[in-house]
Amino acid sequence: MTKAQIVEEIVQKTGLTKKDVADSVDQFLQAISDALAAGKHLEIRGFGTFKVKRRKSRMARNPRTGDPVPVPERNVPIFKVSKELKDLVAAASPQGAHGQEGGH
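Numbering-wise (the working numbering), the sequence shown opens with residue 1121 and increments by one.
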């Protein structure tokens, strides 16, 4: 499901204007991005938690040459799904997997 599809679904369910919903969705996503960029975590109860994790530096290999390549430490965003959302998804019909009929 794309952001545009989410906006359209909210418009249909609420009767709000498409512009208002699109602006709200954009602001919501920007708030999450800003919090993560500032190193904060964000918890949405019943949905999940967004956090920033520090990955240590390590040595990797260039797949073409096999030469070792240093990978510097960096921050990466992670999302941990809440138990409620896990249970909801687990209870859903396998037919609706991936948002399409037949599971594909």
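Built from N, CA and C at the ideal position, the CB exists for glycine as well.
What you are looking at is a predicted structure, and each value in this text was computed from that prediction instead of being measured.
- Rounded to whole angstroms, the gap between the alpha carbons of A1124 and V1145 is 10 Å.
- Shown here, E1128 sits in a helix according to DSSP, grouped into three states.
- Taking all protein chains in view, the Cβ of V1189 is surrounded by fewer than 16 other Cβ atoms within 10 Å, so the residue is classified as exposed.
- In the DSSP assignment, A1142 falls within the alpha helix (DSSP H) that extends over 1138-1157.
- For the 9 Å CB-CB criterion, E1193 and R1175 form a contact.
- Boundaries of the alpha helix (DSSP H) around E1204: 1203-1211.
- Between the segment 1191-1211 and the segment 1163-1175 there are three or more inter-stretch CB-CB distances shorter than 8 Å, so the stretches are counted as touching.
- For P1183, the three-state secondary structure derived from DSSP is coil.
- T1169 has E1163, K1200 as its beta-bridge partners, per DSSP.
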